[in-house]
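In what follows, a structure is listed as C-alpha cells, so that the remarks can point back to it.
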Amino acid sequence: MANLSLSILVFLILSLLIQQNECANIDVYELKRGDFSIKVTNYGATVLSVMLPDRNGKVDDVVLGYDSVKDYSNGTTYFGALVGRVANRIGDARFTLNGVVYHLSANDGNNTLHGGKTGFSTVIWTVKKFLYQHHVTFTYNSKDGEDGFPGDVSVEVTYMLIGTNKLALRMKAKPKNKATPINLASHTYWNLAGHNSGDILSHTIQLLASKITPVNKDLIPTGQIVPVAGTAYDFLKAREIGSKILELADGYDINYVLDGTGKKHFHKAAVVHDSKSGRKMELWTNQPGVQFYTSNMIANVKGKSGSFYQKYAGLALETQGFPDAVNQPNFPSQIVSPGETYEHIMLYRFTAE
Ligand SMILES: *[C@@H]1O[C@H](CO)[C@@H](O)[C@H](O)[C@H]1NC(C)=O
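Structure (C-alpha cells):
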C-alpha cells in the first residue's frame with residue numbers, strides 16, 4: 083500500500099514537472115550586476131526592462147514595455163523586440179533575388195514592416211544557454227517561406243552584461259540552403275528619465291552620421307543618400323531632440339548613415355543624455371545605419387504598471403542595414419548566402435553624471 087502511494091506520488095510529481103516544462107516555454111531571464119539589471123524573455127527575444135541608477139543612485143526602469151507577454155503579442159509597437167528576418171520596411175512587400183520574385187506578407191499598408199505578419203518578434207525562441215545573471219542566448223530556426231522569405235535560417239541572439247553598466251547584444255544568422263536578405267534589429271524604446279516620465283524631447287542626442295536615407299510618404303526610401311547639414315536631422319553635435327522636431331512633418335523616423343562605417347568595423351553610433359537624471363547612454367555597433375525613431379505613432383498605449391505612453395514617450399536607436407535595401411541598388415546589400423554568417427553587434431555603455 084505504501085509502495086503504491088509512493089508510486090502515485092512520484093507519478094504525480096513527474097507529470098507536474100513535465101507539464102510545467104511544456105507550459106514554461108515562455109520565461110523571463112534576469113541579468114544583473116550591482117544596481118544595473120535587465121529582464122528579457124524568449125517571447126520575441128524581447129527586452130522587458132532595463133533598471134539603471136541615476137546620478138544619485140536612484141534606480142528606474144528606462145525602457146517602455148507592457149506588463150504581460152499577452153500584451154506583447156497583441157501590441158503593434160515592437161517594444162523591446164528583436165525584429166527580423168528583415169527589420170524596417172520593404173516596399174510593396176516584395177523583392178527579386180536571382181531572378182525569382184518573392185512576395186512577402188504585407189503588414190504596413192502594402193509594405194512589409196519588421197519581417198512581416200509573423201516576424202521574429204512574435205515567435206517563441208529556444209533558450210540555448212542561460213548563465214545566471216550574466217548572459218542568455220536565444221535561438222530560432224526560421225523556415226523557408228516564413229513571411230515569404232527564401233530558405234531556412236538559424237538565428238541566435240545573446241544578451242550579455244559586461245564590465246560596469248555595459249550591455250552587449252550579439253545577433254547571428256546563418257542561411258542553411260538559399261540566399262536571403264537578413265537585417266536584424268533590437269527595437270528597444272528608451273526614456274532615460276524613466277519609462278513613465280513623459281516625453282524624451284529634452285534628452286540630448288548626438289548621432290555620428292552626416293547623411294540620411296530620405297523616405298516617401300509611406301516611409302519607403304527614395305534611394306537617395308543626402309547630407310544632414312543645415313537640416314533638423316543634423317545631430318552631429320549633441321542637442322535636444324525637441325529643439326527642431328516641429329520642423330518635421332511627424333517627428334524622427336529615419337535611417338542615419340553612420341560615419342564610422344567603412345573606416346572601422348566597430349564604431350560609435352550615438353550618445354543620449356538626460357540632464358534631469360544624469361543618465362547617459364552610448365551606443366556602438368558594427369552596422370552601417372541606425373534608425374532613429376521618436377515614438378511618433380505611440381498614442382495612449384497602456385504600458386507597464388498602469389502607465390500610458392504618448393507621442394515622443396521614448397526613442398529607439400535601431401542599428402541595422404539600410405531600409406528596403408533589397409529594392410535599392412544604391413544601398414549596401416543585405417543578401418547572405420549559405421556558408422556565410424550575418425553578425426550584428428551592439429554595445430551600450432551607461433553612466434550617470
Ligand atoms: C495598395 O496598392 C493598391 C494597388 O496599387 C492601391 O490601390 C492602394 O491604395 C494601396 N494601399 C495603400 C495603403 O497604400
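The sequence shown lines up with residues 83 to 435 when you count with this note's numbering. A virtual CB, placed ideally from N, CA and C, is assigned to each residue, including glycine. Please read these numbers as outputs of a predicted model, since none were measured by experiment.
{"query": "Residue 242 - partner residues in DSSP beta bridges", "result": "217 and 250"}
{"query": "Per DSSP, cross-strand counterpart(s) of residue 429", "result": "250 and 366"}
{"query": "For residue 264 and residue 348, believed in contact at Cβ under 8 Å, the rounded distance", "result": "About 19 Å; that fails the 8 Å criterion."}
{"query": "Inter-residue spacing [alpha-carbon to alpha-carbon] between residue 401 and residue 143", "result": "22 Å"}
{"query": "Beta carbon shell of ligand 1 at less than 6 Å from a heavy atom", "result": "191 and 192"}
{"query": "Own chain partners of residue 384 with C-beta closer than 7 Å, once the 5 adjacent residues on each side are dropped", "result": "390"}
{"query": "Three-state class that DSSP yields for residue 179 in the structure shown", "result": "strand"}
{"query": "Contacting residues, own chain, Cβ-Cβ under 7 Å from residue 108 (five flanking each side not counted)", "result": "123, 124, 125, 151 and 206"}
{"query": "Residue 289 - DSSP class collapsed to helix/strand/coil", "result": "strand"}
{"query": "Cβ distance (whole Å) where residue 314 is taken to contact residue 330 below 8 Å", "result": "6 Å"}
{"query": "Coil, strand or helix - residue 149 by DSSP", "result": "coil"}
{"query": "Sequence-distant residues of the same chain with beta carbon closer than 7 Å to residue 258, five excluded per side", "result": "233, 234, 235, 236 and 420"}
{"query": "Residue nearest to residue 370 in terms of C-alpha spacing, selected from 352, 377 and 363", "result": "352"}
{"query": "Range of the contiguous beta strand (DSSP E) that encloses residue 135", "result": "128-135"}
{"query": "Presumed contact (8 Å Cβ cut-off) between residue 175 and residue 194, rounded CB distance", "result": "4 Å"}
{"query": "Nearest to residue 429 (by Cα), restricted to the options 367, 388 and 226", "result": "367"}
{"query": "Supposed contact pair residue 357 and residue 136 - C-beta distance, whole angstroms, cut 8 Å", "result": "With 8 Å as the limit, residue 136 and residue 357 do not qualify as a contact, their Cβ atoms being about 11 Å apart."}
{"query": "Other residues of its chain near residue 405: CB distance less than 6 Å, five sequence neighbours each side excluded", "result": "170, 171, 303 and 337"}
{"query": "Neighbourhood of residue 414 by C-beta, 8 Å cutoff - its chain only, sequence neighbours within 5 removed", "result": "370, 403, 404 and 407"}
{"query": "Residue 285 vs residue 323 beta-carbon contact at 9 Å", "result": "yes"}
{"query": "Cα-Cα separation between residue 188 and residue 200, rounded to whole angstroms", "result": "10 Å"}
{"query": "Cα-Cα separation between residue 244 and residue 212, rounded to whole angstroms", "result": "15 Å"}
{"query": "Reference residue 291; option with closest CA among 308, 190, 278 and 118", "result": "308"}
{"query": "Residue 262, buried or exposed, once every other Cβ within 10 Å from all chains shown has been counted against 16", "result": "buried"}
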